[in-house]
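**Q** Going letter by letter, the sequence shown gives residues 4 to 184 in the working numbering. Mind having a look at this structure? Questions to follow.
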Amino acid sequence: MLQEIMFSGFGGQGVLTIAKNLAYTAMLEGKQTCWMPTYGPEMRGGTCGCTVSVSDQPVSSPILERYSTVVALNQPSLDKYEPKVNPGGLLIWESTNIHHGPKRTDIKCVAIPAYDEANKLGNPLMMGMILLGAFIQKTDAISIEGVINGLKKTLPARRHDLIPLNEQALRRGFELAEQIK
4 MLQEIMFSGF GGQGVLTIAK NLAYTAMLEG KQTCWMPTYG PEMRGGTCGC TVSVSDQPVS
64 SPILERYSTV VALNQPSLDK YEPKVNPGGL LIWESTNIHH GPKRTDIKCV AIPAYDEANK
124 LGNPLMMGMI LLGAFIQKTD AISIEGVING LKKTLPARRH DLIPLNEQAL RRGFELAEQI
184 K
């Protein structure tokens, strides 16, 4: 089944990292995938996004106009991409810092207080991994174990000490999403 996903937020929030981990994990799990980042000239603070396509069949293009799932990490991303979610699609949004939630009723909306939860884990940068965990729970596109195995290959060795914290964040996001029907 083809899943076309947009991750979007401010530079520095981990958008490209979580999208890359999704694509890499999908590949490790035998799926067809491609990803394409988009960002402005700002190093941090500018809006960035990344499309990821995951399928059991070959993927034709990472350039998309509509998405089966959008994961929005900030208000500008929610405002920009909510209209681009396919009817019946999924919108996961970071509810701590987004003050005006989605308006559509023809899509599944999942609010995750990822920033608050990341702070409880002691590292606000885990916000993206919490949202990736929620995405995994709602879509079953990849497995948490696959992401953890992928991190061992994608993170530099000097950052491997963060793998247990990333695993906690993924599992916390999964648990939070599980509570939302």
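C-beta atoms are modelled at their ideal positions from N, C-alpha and C, and glycine is treated no differently.
1) Going by beta-carbon coordinates alone, are residue 130 and residue 114 separated by less than 8 Å?
2) Give me the DSSP bridge partner(s) of residue 11.
3) Looking at the unbroken alpha helix (DSSP H) that takes in residue 3, where does it start and where does it end?
4) Using the beta-carbon count (16 or more within 10 Å), is residue 20 buried or exposed?
5) State buried or exposed for residue 4, treating a residue as buried only when at least 16 other CB atoms are found within 10 Å of its CB.
6) Between the Cα of residue 103 and the Cα atoms of 171, 144, 84 and 78, which residue gives the shortest distance?
7) Within a Cβ cutoff of 8 Å, which residues of the same chain sit near residue 175, ignoring the five residues on either side of it in sequence?
**A** In short:
1) no
2) 52 and 75
3) Outside the shown range of the chain, which is 4 to 184, sits residue 3, and nothing can be said about it.
4) buried
5) exposed
6) 78
7) 120, 124, 133 and 136
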